[in-house]
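Down below is the structure, laid out as structure tokens.
In the numbering used here, the protein residues as written are 383 to 561.
This is the structure:
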């Protein structure tokens, strides 16, 4: 079955079967405009991740239409959500990780098994105007060149999450390290 989701003006996500043009599910829960949504992958294939101006991040089950988790630690609108390629192993078992970026200028990493477990937070500088998008890139370990483009006036934060080193690529190619 081929499906499509639509972010609607009434703060819902609607799932449609493309072949039959029938609406399959409506996800209700956000209290303000939904600004970002992504389909799941791998073990989370039957999920949708969403972020909204109500400062929340929600994980939904496509099959049942139910909300699986609510993450609500952001202090401003959430404009970016992403499924992380990382899996965390611990004594309880494996857990998938999601992340969110907000106008509060943070990127937060969440354990999907618990809405109380923020795994990690990256905070931008005071002069930044919030996180508007996220994307995980797989770079080879010994790769020397990085080609990244951005519109003038916007910053790109590259975070090596294995070494916890951060580089801020500012407009006009100036670089500074964050500690």
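For each residue, glycine too, the CB sits at the ideal point set by N, CA and C.
Name the two residues that bound the continuous beta strand (DSSP E) containing residue i.
i, result
"residue 503", "500 to 505"
"residue 431", "429 to 434"
"residue 508", "Where residue 508 is concerned, there is no enclosing beta strand (DSSP E), given that its DSSP letter is neither H nor E."
"residue 488", "488 to 493"
"residue 389", "385 to 389"
Hey, residue i and residue j: beta-carbon distance below 7 Å or not?
i, j, result
"residue 463", "residue 420", "yes"
"residue 418", "residue 461", "yes"
"residue 513", "residue 494", "no"
"residue 385", "residue 397", "yes"
"residue 358", "residue 436", "The chain is shown from 383 up to 561; residue 358 falls before or after that span and cannot be answered."
"residue 389", "residue 416", "yes"
"residue 442", "residue 409", "yes"
"residue 480", "residue 465", "yes"
"residue 407", "residue 447", "yes"
"residue 467", "residue 387", "no"
For residue i, list the residues DSSP reports as bridge partners.
i, result
"residue 464", "481"
"residue 418", "433"
"residue 445", "Answer is none; residue 445 lacks a bridge partner."
"residue 404", "399"
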